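Here is the structure we will look at, set down as structure tokens.
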Ligand code: CNA
């Protein structure tokens with residue numbers, strides 16, 4: 001048995017016993033499709049943004065910057081817009097686990113919708129950072145359909161920038177920018193799922209964007225946590241939990257090996273084969289910046305993250321205090337009842353806050 005097979009055996013045994021998998025996905029699961037991630041040193045987006053003349057790399061996904069200058073985002077959106085890329089073996093592994101009823105949920109930070117394209121159903125997917133599926137005017141919040149958005153993106157008289165047909169404000173796909181809140185469904189679904197996560201597969205993420213990054217650390221001790229990444233990240237770095245499984249391999253290799261051990265390899269390869277005729281082959285953005293430039297960007301990025309983390313942690317602490325996302329999660333009935341009550345109160349409060357927000361927007 002190879003080292004990798006030895007590491008995967010507890011996961012295979014758990015799945016064969018009927019335990020369900022919850023995925024926590026990041027951009028690294030899609031690099032195999034040709035979509036660059038953010039932070040890989042040579043191929044990541046941040047290493048390739050020099051051509052957009054940004055003051056700092058993350059400005060391209062920063063809401064304040066977008067309000068002033070949406071051009072860099074739309075230049076990049078042209079590259080990232082769904083439709084150009086085929087799902088990877090990792091995405092098809094998720095679909096196969098769904099089909100054999102071994103999937104609880106897929107929490108994804110990705111905006112590429114490849115989980116959907118692979119055939120994972122809506123109910124299983126929580127797109128924590130939104131997606132390109134819908135678009136709204138940032139000024140009057142009216143929706144713009146995808147066809148109109150794409151027409152505007154290719155309209156030279158508009159400089160490729162979609163603008164609201166009612167108020168002329170800039171239109172933005174509903175992907176979550178730095179400075180914006182996460183979709184309500186992220187919190188609601190996590191509230192429902194957090195105690196039920198049996199096998200947590202954390203894959204292709206640097207675990208640096210909060211509050212998403214805090215989910216694996218908030219799991220109770222009954223969860224089997226697995227990291228599949230090119231580097232150690234988050235609290236997996238500290239060998240914090242003895243039962244953790246850390247697989248420092250390519251996600252595609254992991255998908256091949258796990259599917260083989262589950263007896264799903266032929267089906268996986270057949271899905272990949274079919275997808276070749278269905279989708280494009282993808283492409284890479286070529287590296288254009290020097291190491292010095294990358295380091296400079298990373299410094300600014302680190303500063304921005306610190307600020308964002310402080311804001312997010314304050315928000316998350318308030319939420320987690322109420323919904324009980326603590327590591328010392330206990331499962332006796334009295335505590336469950338108390339937690340359910342706290343969750344109901346938190347939901348009610350969130351509803352009132354949302355109504356106030358809507359009222360403030362329109363009054
Ligand atoms: P990230 O910060 O770029 O981290 C990616 C991680 O994946 C790194 O730790 C890499 O070492 C690792 N990695 C890269 N390729 C592989 C691979 N083939 N196998 C295993 N590990 C790999 O990306 P995160 O997702 O952590 O950051 C969150 C951001 C990225 C979210 O807000 C996303 O919206 C955003 N993003 C999404 C996409 C996409 O939708 N495909 C692309 C780029 C960025």
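In full-length UniProt numbering, the protein residues as written are 1 to 363.
Ideal Cβ placement from N, Cα and C applies to all residues, glycine included.
As the structure is a prediction and not an experimental result, all values here were calculated from the model.
| Asked | Found |
| --- | --- |
| Among 56, 190 and 237, the one whose alpha carbon lies nearest that of residue 24 | 190 |
| Any non-hydrogen atom of ligand 1 within 7 Å of residue 109 CB | yes |
| Same chain, Cβ closer than 6 Å to residue 300, five either side skipped, listed in chain order | In this prediction, residue 300 has a pLDDT of 44, which is less than 50 and means its spatial position is unreliable; nothing more can be read from the coordinates. |
| Opening and closing residue of the beta strand (DSSP E) in which residue 127 lies | 125 to 127 |
| Residue 94, enclosing beta strand (DSSP E) - first and last residue | Run containing residue 94: none in the beta strand (DSSP E); it sits in the alpha helix (DSSP H), 89 to 99. |
| Ranges of the beta strand (DSSP E) found wholly within the segment 114 to 179, counting only runs of at least 3 | 125 to 127, 130 to 137 and 171 to 175 |
| Buried or exposed (CB count within 10 angstroms, at least 16 for buried), residue 83 | exposed |
| Nearest residue (CA-CA) to residue 139, options 63, 260, 254 and 105 | 63 |
| Given residue 211 as reference, the closest of 91, 186 and 272 once Cα atoms are compared | 186 |
| Helix, strand or coil at residue 233 [DSSP, three-state] | coil |
| Beta-bridge pairing of residue 103 - partner residues as DSSP gives them | 21 |
| Spatial distance of residue 10 from residue 166 (CA atoms) | 57 Å |
| Per-residue burial, residue 47 [other beta carbons within 10 Å of its own, 16 or more giving buried] | buried |
| Exposed unless 16 or more other CB atoms sit within 10 angstroms - verdict on residue 36 | buried |
| Assigned secondary structure, residue 14 (DSSP; H/G/I helix, E/B strand, else coil) | helix |
| CA nearest to the CA of residue 31, picked from 259, 270, 277 and 252 | 252 |
| Which listed residue (29, 247 and 33) has its alpha carbon closest to that of residue 106 | 29 |
| Residues sharing a beta bridge with residue 241, DSSP | DSSP output for residue 241 lists no bridge partner at all. |
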